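Right, one structure below, let's go through it.
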Amino acid sequence: VQVWIFDGPGGAGRILRSRMGHSAPPTKIRYHGQSGKQILSAGQDGTLQSFSTVHEKFNKSLGRGSINKKKSKKKGLKLDTMALPPITSFASEVAHQSDWDGIVACHQGYITCTTWNYQKTSMGAHKLRPEEFSKHKPVDIYATAVDITSCGNFAVIGMSTGQVDVYNMQSGIHRGRYGKETAHEGAIRGVAVDGLNQLVITAGSEGLIKFWKFKMKDLVYSTELSSSPSGILLHRDSGILGIAFDDFTISVLDIETRKIVRTFSGHHGQINDMTFSPDGRWLITSSMDCSIKTWDLPSGCLIDCFLVDSAAVSLTMSPTGDFLASAHVDDLGIYLWSNRSLYSLVSLRPLPADYEPSLVALPSTCPIQDVDASGDEEPCDEMIEYVSPDQLGEQLVTLSLLPESRWKNLINLDIIKKRNKPREPPKVPKSAPFFIPTFPGLIPRYVPPAEENDRQSKVVNLGVLAQKSDFYIHLEEALSTNEYKAPLDLLKSLGPSNIELELRGLAPEGGGSMEVMLSFLRMIGVMLNKKYNFELAQAYLALFLKLHLKVLSSEPKLLEELSKLSVQLEETWIHLRTLFNQSLCVLTYMKSALL
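Using the UniProt record's numbering, you'd call the opening residue of the sequence shown number 1 and step up by one each time.
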């Protein structure tokens, strides 16, 4: 669809904007780059297109594959005999894509692989084929699998004869072959290169997975599979290889240990495609049985499964993890599925063995009225958000959730106030009154401003200081009830300056009494016994001792209570110090020992 505007000289027209898609269903889709904004799509119409997940105006068409571009342009689209078959598989890399071609693709039943340039949105300059077939084109030999290195310099191509060749993407020159003549006895079902260009992994239809040194082309390791593989997919960041088999099972192989670590079964049709989540925890597969399943690799369980109207022929997960894109049989569009675990609480518990997946309608651009299904579904226990209690166990030492600024500097509060004291008192600027006062009479005369010596008295009413605070009243009540939750909660809500003021007022010279000071010490004892708000008890007790040390040393009752607190503190600290030492020893051993 093209919109033309005729604003040129003499009414000449130009294309203002255009929209273009596939004229035949797409066969392969893959996200391009790490931004998660562009999806490369190869269709049965022979074109390679780039679709934007942000807006349609960023869509690009890289054109249609052609043996000879000049002859194709002369003959036109209908009479074009130089057109290449549809793309069956491709690989792309953004590194060096501005310098040379960054996409390599193999075509259906065709031996030559083509390169494509994303920046120029066109077919590239190189045709990659083995040297022995440069003059003649065989009928029964064709490329089956491709991959491109993470640096964007090399392309690895697997053939139906079992050959695996390496080509330079910049020059298109053949750079070597794995194996003496062929890497596998059967057709190549998949090739993959690790993220550091150290290993090349190939899968053959005879049921072997082989590991090759990328540079030296030597065979490192070979393992036999239980069945013939239909395709492989490597997650480069985690070194995990997904293998799909012809018997509808999936295996996960660790390329470091070169052992199969997970095996999944449950599909009832050919596995069309696989994709990993960005963190490598999920493997999402699609099959001809119209199901899309999500497997959790750490637990080895199926955590999500749903059915669609038509089978998904290709899947790709966004590098940012927000969307899953799918292409379906006999469907021109690419569908985006949102990852609900990013913005809502989703249960990831394993599905039961008798779970029956539900049919989910494909995403649509038409506005659909939201149906409130909250009344039909019963709330699950695992979906309820966990709320941690204030204290997990009475034997555990529990800290408060208060920030450090509320308790850490209580003992040094006088030093901080002295340091932050202004050098000069702030001066109030003189402000003119709204109505300038005048003397009564016929001649207007303004009242002179009052002299600075006429100051108001600032004598503080001592009756205000004599009133008992809420904290003081709560401590008095706690002497009879032995409940110290109310005074503790009140103290936790105060700032450092107010806490110091409250503790100063507990002494007799500040308007307090010995009974209230004893009640405060008992409150600290309750906190140490129950082992909660542990750091607050330390900070409050340190400030209390600093303020009232002389009074405490002269009162026998207070000294007796302090001796009890000293025993409690010492027991708790010995227990904590033992745990700390054990943890430090284990940590030091784990860091230094050769395991």
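By construction, the Cβ of each residue, glycine as well, lies at the ideal position given by its N, Cα and C atoms. As the structure is a prediction and not an experimental result, all values here were calculated from the model.
**Item:** Where Ile574 falls, given that 16 or more other Cβ within 10 Å makes a residue buried
**Value:** Here Ile574 is exposed. Its C-beta has fewer than 16 other C-beta atoms within 10 Å.
**Asked** Terminal residues of the continuous beta strand (DSSP E) containing Asn168?
**Response** 164-168 is the extent of the beta strand (DSSP E) around Asn168.
**Asked** By the 10 Å Cβ neighbour count, where 16 or more other Cβ atoms means buried, how is Asn420 classified, buried or exposed?
**Response** Flag for Asn420 reads exposed.
**Burial state of Cys585 (16 or more Cβ within 10 Å)** = Exposed.
**Asked** How many Å lie between Leu307 and His235 at the Cα?
**Response** If you take the alpha carbons of Leu307 and His235, they lie about 26 Å apart.
**Asked** If we ignore side chains and look at the alpha-carbon of each, how far apart do Val371 and Val360 end up?
**Response** At Val371 the pLDDT is 45, less than 50, meaning the model places this residue with poor confidence and gives no usable figure here.
**Request:** My understanding is that Gly176 touches Gly204, with C-beta atoms under 8 Å, so please give their C-beta distance in whole angstroms.
**Result:** About 18 Å separates the beta carbon of Gly176 from that of Gly204, a gap too long to meet the 8 Å contact definition.
**Prompt:** Since Val139 sits in a beta bridge, which residues does DSSP pair it with?
**Reply:** DSSP lists no beta-bridge partner residue for Val139.
**Prompt:** Can you tell me the Cα-Cα spacing of Gly333 and Ile111, whole angstroms?
**Reply:** Gly333 and Ile111: Cα-Cα distance of roughly 29 Å.
**Asked** Any idea what DSSP makes of Lys492, helix, strand or coil?
**Response** DSSP, read as helix, strand or coil, puts Lys492 in helix.
**Asked** Taking the alpha carbon of Lys37 as the point to measure from, which residue in Gln44, Pro130, Met517, Lys57 has its own alpha carbon closest?
**Response** Of Gln44, Pro130, Met517, Lys57, the residue nearest in Cα terms is Lys57.
**Request:** Let me know the beta strand (DSSP E) ranges lying completely inside the stretch 39-122, each 3 residues or longer, listed in chain order.
**Result:** Entirely contained in the stretch 39-122, the beta strand (DSSP E) runs reaching 3 residues are, in chain order, 47-52, 60-64, 87-92, 103-107, 113-117.
**Message:** Please report the distance separating the alpha-carbon of Val447 from that of Pro426.
**Reply:** Looking at the backbone, the Cα of Val447 and that of Pro426 are separated by about 27 Å.
**Request:** Below 7 Å CB to CB, which residues in the same chain sit around Lys564 once its five sequence neighbours on both sides are set aside?
**Result:** Sequence-distant Cβ neighbours of Lys564 in its own chain, meaning closer than 7 Å and more than five residues away, are Gly525.
**Request:** Identify the continuous beta strand (DSSP E) that holds residue 615 and give its terminal residues.
**Result:** Since the first residue shown for the chain is 1 and the last is 595, residue 615 is missing from the structure and cannot be characterised.
**Request:** Confirm, please, whether the CB-CB distance from Leu219 to Thr275 is below 7 Å.
**Result:** Contact flag unset, no.
**Member of Gly13, Ser310, Phe214 whose CA lies at the smallest distance from the CA of Ser286** = Of the candidates Gly13, Ser310, Phe214, the one whose C-alpha sits nearest the C-alpha of Ser286 is Ser310.
**Request:** Taking Pro26 as part of the beta strand (DSSP E), name the residues at either end of that continuous run.
**Result:** Taken as a continuous stretch (DSSP letters only), the beta strand (DSSP E) holding Pro26 covers 26-32.
**Item:** Paired residues, beta bridge with Ala325 - DSSP
**Value:** BP columns for Ala325 point to Thr316, Leu336.
**Request:** Quick one: measure Cβ to Cβ for Ser50 and Leu62, integer angstroms, because I've assumed they're closer than 8 Å.
**Result:** Right, their Cβ atoms sit about 7 Å apart.
**Message:** Using 8 Å for Cβ pairs, my map puts Gly231 next to Gly152. What's the rounded Cβ distance?
**Reply:** Between Gly152 and Gly231 the Cβ distance is about 23 Å, and since that is not below 8 Å, they are no contact.
**Beta-ladder partner(s) of Lys210, from DSSP** = DSSP, once it has assigned bridges, lists Thr202, Ser222 as partnering Lys210.
**Message:** Taking the straight line between their C-alpha atoms, what separation do you get for Ser592 and Asp279?
**Reply:** Near 29 Å, if we compare the C-alpha coordinates of Asp279 and Ser592.
**Request:** Take Gly158 and list the residues in its own chain whose beta-carbon comes closer than 6 Å to its own, dropping the five residues that flank it on each side.
**Result:** For Gly158, where only same-chain residues beyond five positions count, the Cβ hits under 6 Å are Thr144, Ala145, Val164, Ile188, Val191.
**Prompt:** Cys151 lies in the beta strand (DSSP E); which residues open and close that run?
**Reply:** No residue range can be given for Cys151, since it is assigned to no beta strand (DSSP E) and is classified by DSSP as neither H nor E.
**Item:** Member of Glu256, Gly511, Val329 whose CA lies at the smallest distance from the CA of Cys290
**Value:** Measuring from the Cα of Cys290, the nearest candidate turns out to be Val329.
**Request:** Flag this pair as touching only if the stretch 79-94 and the stretch 348-356 have three or more C-beta atom pairs under 8 Å; answer yes or no.
**Result:** At 8 Å Cβ cutoff, the stretches do not touch.
**Prompt:** With 16 as the cutoff for other CB atoms within 10 Å, does Met169 come out buried or exposed?
**Reply:** The Cβ neighbour count for Met169, taken over all protein chains shown within 10 Å, is at least 16; the residue is labelled buried.
**Item:** Cα-Cα separation between Thr182 and Gly162, rounded to whole angstroms
**Value:** Looking at the two C-alpha atoms, the distance is approximately 5 Å.
**Helix, strand or coil at Gln538 [DSSP, three-state]** = Residue state, collapsed to three classes: helix.
**Asked** In the structure shown, what three-state DSSP assignment does Asp470 receive?
**Response** Helix, per DSSP.
**Prompt:** Under a three-way DSSP split, which group does Gly300 fall into?
**Reply:** Taken through DSSP and simplified to helix, strand or coil, Gly300 comes out as coil.
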